[in-house]
Amino acid sequence: MAYSLAQLRYAVAAARHESISAAARELNVSQPSISVAISQIEERTGQRLFVRQRGAGISLTPFGHAFMLKARIVLDDLDDLAALARGKAGVGGELVLGCFQDLAPHFAPALIRRMGEFHPAVRISVSEERFETLEKRLGDAAVDIALTYDLGLPANAARVLLSELAPHALLAASHPLAGQDRVSLADLAREPLILTDQPYSWQHMLDLFRGHGHSPAVAARTRSFEMQRSMVANGFGVAVSYTRPAGDRSYDGLGLACRPIREPVPLQRIIIAYDARQRLSKAASAFIEVAKEWFSHRPVFSAPAERE
1 MAYSLAQLRY AVAAARHESI SAAARELNVS QPSISVAISQ IEERTGQRLF VRQRGAGISL
61 TPFGHAFMLK ARIVLDDLDD LAALARGKAG VGGELVLGCF QDLAPHFAPA LIRRMGEFHP
121 AVRISVSEER FETLEKRLGD AAVDIALTYD LGLPANAARV LLSELAPHAL LAASHPLAGQ
181 DRVSLADLAR EPLILTDQPY SWQHMLDLFR GHGHSPAVAA RTRSFEMQRS MVANGFGVAV
241 SYTRPAGDRS YDGLGLACRP IREPVPLQRI IIAYDARQRL SKAASAFIEV AKEWFSHRPV
301 FSAPAERE
């Protein structure tokens, strides 16, 4: 072989983490070992795998991206051969699951646990991402598959539908609109609006209002969903969201009310996305099937009856 298995594994880990130091920690080797492996591959191919930026990690070159796609296929096939040699024909190998950060705590642990019940030999690592970083990491093959909303994906992304959700109004429990069974966008547009600063998310939320002729005043933008919920619970404004935790209280213990939107509004999709140019590994294909089964038997973000 032109390259050793160690060289391929070291390079793939560096691409996944976009960091030589993070790859070294994962594989429990020294940073120079990772750097030397990358340099040896680059010397043999005559092309750069990564662009190195001081203080900003590493990123794949176009050649590096193509190389990593092939390298991961080779490593997946070798994992299958190793399993066959051990007399275990089941699914094995490594799977890197990228998750949109708002969905990750709701679904990723349960799905990984379920995957372990059917395919215990698969090693899964989770990368929590914002929309814009998930788009990049999926395009760079730094993650195998992505659990996310159908927003901000690269053009080459294939999608597997898991569930569809309607948006709801998020209000302080004491807000006058909380007394209504359903809340109109017209009423919400008269209130200060709290958005998250996720680029695709806030644009989408504003489009919901604009589609019905409303232009709400944005009072604040938060970096996290939980900060948005806390701002709403403390009376700084209202919000619209698809994500709904099991408990209608903010981190500081204040009550929240979730009410359906009165007007017809587009549903949002929870999907698994992957690079359509890349061959799915057996582990990735198995995870998709487990996720489809898991979502088909469970309500998504359903609230106890007494809340509504």
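Per UniProt numbering, the very first residue in the sequence shown carries number 1; after that it's consecutive.
The beta-carbon is built from N, C-alpha and C at its ideal position, and this holds for glycine as well.
Since this is a predicted model, take the numbers as computed values, not measurements.
1) DSSP puts Y149 in a beta bridge; with which residues?
2) Could you check if A82 is buried or exposed, using at least 16 other CB atoms within 10 Å of its CB as the buried criterion?
3) Contact defined as beta carbons within less than 8 Å: I believe A157 pairs with L138. What is the distance between those atoms, to the nearest angstrom?
4) At 4 residues or longer, and completely inside the UniProt domain "HTH lysR-type" (1–61): list those alpha helix (DSSP H) runs for me, N to C.
5) Report the partner residues of H168 according to the DSSP bridge assignment.
6) Within the same chain, show all residues whose beta-carbon is closer than 7 Å to that of V183, passing over the 5 residues directly before and after it, in chain order.
7) Rounded to the nearest angstrom, what separates D79 and S4 at their Cα positions?
8) Identify every run of the beta strand (DSSP E) within the segment 162–215, keeping only runs that are complete inside it and at least 3 residues long; order them along the chain.
9) Among L188, T45, F225, R279, which one has its Cα closest to the Cα of V74?
10) Give me whichever residues DSSP pairs with F100 in a beta bridge.
11) Cutting at 7 Å between CB atoms, please list the residues of its own chain near S21, excluding the five before and the five after it.
12) I'd like to know whether the C-beta atoms of L195 and V218 end up nearer to each other than 7 Å.
13) Would you identify the three-state DSSP class for G235, choosing helix, strand or coil?
14) Throw me the rounded Cβ distance for the V12 and R52 pair, which I believe falls under 8 Å.
15) How would you call H297, buried or exposed, if buried means at least 16 neighbouring beta carbons within 10 angstroms?
16) With a threshold of 6 Å on Cβ separation, who are the neighbours of L171 within its own chain once the five nearest residues in sequence on each side are excluded?
17) Compare the C-alpha of A6 against each of L27, H17, S19 and name the closest.
18) What are the boundary residues of the alpha helix (DSSP H) that V265 is part of?
19) Comparing alpha-carbon positions, which option in V143, K136, R130, A141 lies nearest Y149?
20) Candidates D207, L162, P264: which alpha carbon is nearest I270's?
21) Compute the Euclidean distance between the alpha carbons of V29 and Y10, then round it to the nearest angstrom.
22) So, for Q268: in the same chain, excluding its five sequence neighbours on each side, which residues have a beta-carbon less than 6 Å away from its beta-carbon?
23) Straight-line CA distance for R210 to K70?
24) Which residues in the same chain have their Cβ closer than 6 Å to the Cβ of H17, if we skip the five residues on either side of it in sequence?
25) Give the secondary structure of D140 by DSSP, where H, G and I count as helix, E and B as strand, and everything else as coil.
26) Look up D79 in the DSSP assignment and say whether it is helix, strand or coil.
27) Just mark L8 as buried or exposed, buried being the case when its beta carbon has 16 or more other beta carbons within 10 Å.
28) Could you name the residues that DSSP lists as bridge partners for E94?
29) Tell me which residue opens and which closes the beta strand (DSSP E) that V300 is part of.
30) Find the nearest neighbour of R123 within the set E293, K292, K282, judged by alpha-carbon distance.
31) Regarding S224 and the ligand PLP, is the C-beta to nearest heavy atom distance less than 6 Å?
32) With DSSP run on the structure shown, which of helix, strand or coil describes G64?
In this structure, then:
1) I270
2) exposed
3) 6 Å
4) 5–17, 20–27, 31–45
5) S241, P260
6) A169, L177, R259, I261, R262
7) 15 Å
8) 168–172, 193–196
9) R279
10) E129
11) Q31
12) yes
13) coil
14) That belief does not hold up - the Cβ atoms of V12 and R52 are roughly 17 Å apart, past 8 Å.
15) exposed
16) L177, A178, V238, A257
17) L27
18) From DSSP, V265 is part of no alpha helix (DSSP H); its letter is neither H nor E.
19) R130
20) L162
21) 9 Å
22) Y149, L165, Y242
23) 45 Å
24) A23
25) coil
26) helix
27) buried
28) R123
29) Run containing V300: none; DSSP gives neither H nor E here.
30) K282
31) By its list of ligands, the structure shown contains no ligand whatsoever, and the ligand PLP lies outside what it can speak to.
32) helix
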